[in-house]
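Take the sequence shown: its letters are residues 6 to 242, numbered as in our numbering.
Don't be surprised by glycine CBs; every beta carbon is placed ideally from N, CA and C.
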Amino acid sequence: MLQITRNLLLFVGFAVDLSCCGSTVGEVKLHGVINASHDSLADFSIATTVGETIARAKDLLQQGCIGIDIGAAGSTQYADRVSTEEEWQRLDGKLQALAELEIELSIDTWNPEIMERALDAGANFMNASDGLQDPAMVEIAADRGVPVILPFLNGDDPKSLEFVTGDPLATILLWFENALERLDQAGVNKEQLILDPGTGFGPADWAWEDRFRFQEKIYRNLERLRVFELPIYIALP
């Protein structure tokens, strides 16, 4: 039985009933999270050395995960913005060691230079936490042809988000519709994309009870995202 239930990213397709959220999805895969940033709120997921990184990865894999998502720049209001070199320093060595495990390995960043370096170091998924809004990130996605996790963002990056008002699913659906059209025109293959409704992100000073209600609305209406006929990536806190 899977024991680590926090900080997992469900990667779902079609045809399996998730009664907890009233939605029908398909094959479910688990990606475990490793935070190489010391200021992550999920302190249990922090790994600051190569040894800690591999130990956590092996623990997650043993318990059912088939992939690892690693990032080194915190996205909350409590995390500092870091330079490119500092972000890379936190990842260098850890990425190469994880790549030796021959697993699905995603790099979570909104910095195009970090994305390029990470893919060169062995990452094989892009977790484009800018929502592929930076033209440089779009170019990387088109050129590399690797799977891309595309999160809904109501802002330029996870640290500059605005509140979503009204029906969140309507807002998310329109955002993805526009994003898919834009990315198609830029040469990104739709089949590369995995849609993330963005429940792992939030604007500054968002009350936790409001955040939970927002997440619940999305989880109970995941079937509405199936209109795009793409896999869905869901963050579980």
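Just tell me which of the options has its CA closest to the CA of residue i.
i	options	result
Pro202	Asp215, Ala104, Ile239 and Leu100	Ile239
Pro152	Ala141, Glu186, Ile177 and Glu109	Glu109
Asn159	Asn183, Asp74 and Gly72	Asn183
Gln197	Asp148, Asp210, Glu228 and Leu241	Asp148
Ile59	Lys34, Glu92 and Glu107	Glu107
Tyr224	Trp211, Thr204 and Glu234	Thr204
Arg218	Pro236, Val169 and Val193	Val169
Gly69	Ser50, Lys34 and Ala123	Lys34
Leu141	Asn129, Phe233 and Leu188	The displayed chain sequence assigns Ala, not Leu, to residue 141. Nearest C-alpha to Ala141: Leu188.
Ala175	Arg216, Asp210, Lys222 and Asp215	Lys222
Lys195	Phe130, Gln220, Glu121 and Gly150	Gly150
Quick one: using the 10 Å Cβ neighbour count with 16 as the cut-off for buried, is residue i buried or exposed?
i	result
Ala52	buried
Pro173	buried
Arg61	buried
Gln271	Residue 271 is absent from the model: the chain starts at 6 and stops at 242.
Ala123	buried
Phe49	exposed
Expressed to the nearest angstrom, what Euclidean distance is found between the alpha-carbon atoms of residue i and residue j?
i	j	result
Gln67	Ala41	20 Å
Leu103	Leu155	22 Å
Ile177	Gly136	12 Å
Glu167	Asn226	21 Å
Asp139	Val38	24 Å
Ile9	Ala146	Confidence is the limiting factor: at Ile9 the pLDDT is only 38, short of 50, which leaves the residue's position unreliable, though a coordinate-based value still follows. Using only the alpha carbons, I get a separation of about 31 Å.
Leu200	Leu230	8 Å
Ser88	His43	15 Å
Asn116	Glu228	31 Å
His36	Gly171	31 Å
Ser134	Trp213	21 Å
Val193	Leu235	14 Å
Glu186	Val232	14 Å
Leu241	Gln94	27 Å
Glu57	Glu105	15 Å
Beta-carbon separation of residue i and residue j under 7 Å?
i	j	result
Met96	Ala78	Reading the sequence as shown, one finds Leu at residue 96 and not Met. It is not a contact, given that the beta carbons lie outside the stated cut-off.
Gln101	Gly72	no
Ser111	Asp74	yes
Phe206	Trp180	no
Asn132	Asp113	yes
Gly98	Val143	no
Ile119	Glu92	yes
Per the DSSP calculation, residue i is bridged to which residue(s)?
i	result
Thr114	Ala133
Asn244	Residue 244 is absent from the model: the chain starts at 6 and stops at 242.
Val169	Beta-bridge pairing links Val169 to no other residue.
Glu245	Limits of the chain in this structure are 6 at one end and 242 at the other, which puts residue 245 out of reach.
Glu109	Gly72
Val153	Met131 and Leu198
Given the structure, does residue i come close to the ligand PLP, in the sense that its CB is under 6 Å from one of the ligand's heavy atoms?
i	result
Phe233	Here there are no bound small molecules, and the ligand PLP is not part of this structure.
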